[in-house]
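>
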Amino acid sequence: MARKKKKVRQIETIIGIIVLFILTLGALQNGEIQNYFSKNKKIVNPITAEESQNVVLEGEDILQIHFFDVGQADSILLISDGKTMLIDAGNNEDGKLVVSNIKNLGITKLDYVVGTHPHEDHIGGLDDVISNFEIGTIYMPKVQTNTKTFEDVLDTISSKNLNITTPKQGNKFIVGKVECEIMLAPEVTKEVEENLNLSSIVIRASYKEQSYLFMADAEKENENARTWEQSNVLKIGHHGSDTSTSTTFLNQVLPQIAIISVGKDNSYNHPSQATLSKLSKLGTLVYRTDEKGNILIESDGIQNKVSFY
Ligand SMILES: [Zn+2]
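Counting in my numbering, the sequence shown runs from 1 upward without gaps.
Written out as structure tokens, the structure is:
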């Protein structure tokens, strides 16, 4: 009889373990346990810009990403193997500056020009840029707006007999040696029309072991629309506003370096303390255009070198 009781107890224990296992799996799927662990994530020993000056980049195919200081706005130029992509062109008043920045680098053709969404601080200088360079593909969201800034961009595009391509999520294209993917290209809805930030085209560029995620002015809603792969460098969404950069998103991307494109003493109080403290908790190094001016990231695909000019 005693042996039988022992056996029953053993079976009960096994059933208990199985039930616990199933419950744990359920919780994992709910994301509760996942969130618990991800709250404690930390980037280990990222290399500072200063330390990166000692990094020796290997080979001839060095990727360059310039984050131009255009005040409270965005303008980013990626150069790889003689090919180029410009993501946004600052405010109207920044057009000439962006053009001269690009010309100073000896560039005459922009293979890809992305107007991430039709707010002035992103497409303001695009008409100047399109007038001054040979232009390949132009990516813009399908959403329309009735500002003069937007009309000026459309007029310049049609005066040069160019077309706008509306990208789709998942589209891939190559810039030199860099693979780019459209991570988000939101559909036009009433909500998107009312908040154009939500129409932001988001691009991820990868070069060998390194990856770069350009969030434009995407907000938390956009971040929640998909899952994200880890990326070494993150261009923070919406100038560091607390409308963007959720903890869940950051814990997926786990960036070693974050770039915030933001104006000195801007009236929006960007970047928000909340965003800065999340990045600091994670151990991400933050570089801001209002503090550093133009920011340049160079990479051989293995390591990144960060400098300012
Ligand atoms: Zn913006």
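Using N, Cα and C, we set each Cβ at its ideal position, and we do this for glycine too.
1) Please classify E191 as buried or exposed, where buried requires at least 16 neighbouring CB atoms within 10 angstroms.
2) Restricting to Cα atoms, I'd like to know which of P271, L234, S267, T245 is closest to Q256.
3) Quick one: give me the first and last residue of the beta strand (DSSP E) that K142 is part of.
4) Which residue from R204, L162, T243, S200 puts its Cα closest to that of C180?
5) Can you check which of these residues, N304, R226, I201, T166, is closest to K208 by C-alpha distance?
6) Rounded to the nearest angstrom, how far is the Cβ of D300 from that of G136, given a contact under 8 Å?
7) Taking 7 Å as the cut-off, is the CB of D121 close to at least one heavy atom of ligand 1?
8) Please determine whether the Cβ atom of D217 lies at a distance below 7 Å from any heavy atom of ligand 1.
9) Give the secondary structure of N163 by DSSP, where H, G and I count as helix, E and B as strand, and everything else as coil.
10) Say yes only if the C-beta of D74 is nearer than 7 Å to one or more non-hydrogen atoms of ligand 1, and no if none qualify.
11) Which residues does DSSP pair with R204 in a beta bridge?
12) Exposed or buried, which one is N54 when buried takes at least 16 other CB atoms within 10 Å?
13) In its own chain, which residues sit with a C-beta less than 7 Å from the C-beta of E134, not counting the 5 before and 5 after it?
14) Whole angstroms is fine: what's the gap from M140's alpha carbon to I14's?
15) Roughly how many whole angstroms lie between the Cα atoms of S75 and I17?
16) Classify E194 as buried or exposed, calling it buried when 16 or more other Cβ atoms lie within 10 Å of its own Cβ.
17) Looking at H238 and ligand 1, is the gap between the Cβ and the nearest heavy atom below 7 Å?
18) Leaving out the 5 sequence neighbours to the left and right, which residues in its chain are closer than 6 Å to G31 when beta-carbon positions are compared?
19) Write down the C-beta distance between I123 and F214 rounded to the nearest angstrom, noting that I regard them as a contact closer than 8 Å.
20) May I ask you to report which of helix, strand or coil DSSP gives D111?
21) Who does I86 pair with in a DSSP beta bridge?
22) Alpha carbons only, please: which of N161, Y212, T189 is nearest the one belonging to A182?
23) Rounded to whole angstroms, how far is the Cβ of G293 from the Cβ of G71, which I believe are closer than 8 Å?
24) Under the three-state reduction of DSSP, which class applies to E134: helix, strand or coil?
25) Going by the CB atoms, is the gap between V98 and F67 shorter than 8 Å?
26) According to the neighbour-count rule (16 or more other Cβ atoms, all chains shown, within 10 Å of its Cβ), is V178 buried or exposed?
27) Would you tell me roughly how many angstroms separate the C-alpha atoms of Y309 and I164, rounded to the nearest one?
For this structure:
1) As a working note, residue 191 is residue 191 in the sequence shown. Flag for E191 reads exposed.
2) Residue numbering aside, residue 256 sits at position 256 when the sequence shown is read from its first letter. Residue L234 is the option with its Cα nearest to Q256.
3) Taking the first residue of the sequence shown as 1, we reach residue 142 at position 142. No beta strand (DSSP E) contains K142, which DSSP labels as neither H nor E.
4) Counting from 1 along the sequence shown, the entry for residue 180 is found at position 180. Among R204, L162, T243, S200, the Cα nearest to that of C180 is on R204.
5) The residue labelled residue 208 in the question sits at position 208 within the sequence shown. Ranking the options by Cα distance to K208, first place goes to N304.
6) The residue labelled residue 300 in the question sits at position 300 within the sequence shown. The residue labelled residue 136 in the question sits at position 136 within the sequence shown. The pair is not a contact, with the Cβ atoms about 25 Å apart (cut-off 8 Å).
7) For this step, residue 121 is matched to residue 121 along the sequence shown. Under cutoff, so the answer is yes.
8) Translated into the one-based positions of the sequence shown, residue 217 becomes position 217. For ligand 1, at least one heavy atom lies less than 7 Å from the Cβ of D217.
9) For the purposes of this step, residue 163 is taken as residue 163 along the sequence shown, with counting starting at 1. The answer is coil: DSSP assigns N163 none of H, G, I, E or B.
10) For the purposes of this step, residue 74 is taken as residue 74 along the sequence shown, with counting starting at 1. Because some heavy atom of ligand 1 lies under 7 Å away, the Cβ of D74 counts as near it: yes.
11) One-based indexing of the sequence shown puts residue 204 at position 204. Note: R204 sits in a beta bridge opposite E181, L213.
12) Sequence index remark: in the sequence shown, residue 54 carries index 54 (1-based). Exposed, by the Cβ-count rule.
13) Here residue 134 corresponds to residue number 134 of the sequence shown, with the count starting at 1. Same-chain partners within the cutoff: T108, K109.
14) Along the sequence shown, read from residue 1 onward, the residue named residue 140 stands at position 140. Along the sequence shown, read from residue 1 onward, the residue named residue 14 stands at position 14. Between M140 and I14, the C-alpha separation is close to 58 Å.
15) Taking the first residue of the sequence shown as 1, we reach residue 75 at position 75. Taking the first residue of the sequence shown as 1, we reach residue 17 at position 17. About 56 Å.
16) Taking the first residue of the sequence shown as 1, we reach residue 194 at position 194. Exposed, because fewer than 16 other Cβ atoms sit within 10 Å of the Cβ of E194.
17) Taking the first residue of the sequence shown as position 1, residue 238 is located at position 238. Result yes, Cβ under 7 Å from ligand 1.
18) One-based indexing of the sequence shown puts residue 31 at position 31. With a pLDDT of 47 at G31, under the threshold of 50, the predicted position of this residue should be treated as unreliable, though the coordinate-derived value follows. Taken in chain order, the list of residues that qualify is empty.
19) Within the sequence shown, residue 123 is the residue found at index 123, counting from 1. Within the sequence shown, residue 214 is the residue found at index 214, counting from 1. The pair is not a contact, with the Cβ atoms about 15 Å apart (cut-off 8 Å).
20) Working through the sequence shown from its first residue, we reach residue 111 at position 111. Strand, per DSSP.
21) Within the sequence shown, residue 86 is the residue found at index 86, counting from 1. Note that residue 86 is Leu in the sequence shown here, rather than Ile. In the DSSP output, where bridge partners are listed per residue, L86 has L77, V113.
22) The residue labelled residue 182 in the question sits at position 182 within the sequence shown. The question names Ala, but residue 182 in the sequence shown is Ile. Taking only the C-alpha atoms, the option nearest I182 is Y212.
23) Looking up residue 293 in the sequence shown gives position 293. Looking up residue 71 in the sequence shown gives position 71. 11 Å between Cβ atoms; not a contact.
24) For the purposes of this step, residue 134 is taken as the residue at position 134 of the sequence shown. Reduced to three states, the DSSP call for E134 is strand.
25) One-based indexing of the sequence shown puts residue 67 at position 67. One-based indexing of the sequence shown puts residue 98 at position 98. Result no, Cβ atoms of F67 and V98 do not sit closer than 8 Å.
26) What you label residue 178 is simply residue 178 of the sequence shown in a count that begins at 1. Label assigned to V178: buried.
27) Here residue 309 corresponds to residue number 309 of the sequence shown, with the count starting at 1. Here residue 164 corresponds to residue number 164 of the sequence shown, with the count starting at 1. Using only the alpha carbons, I get a separation of about 33 Å.
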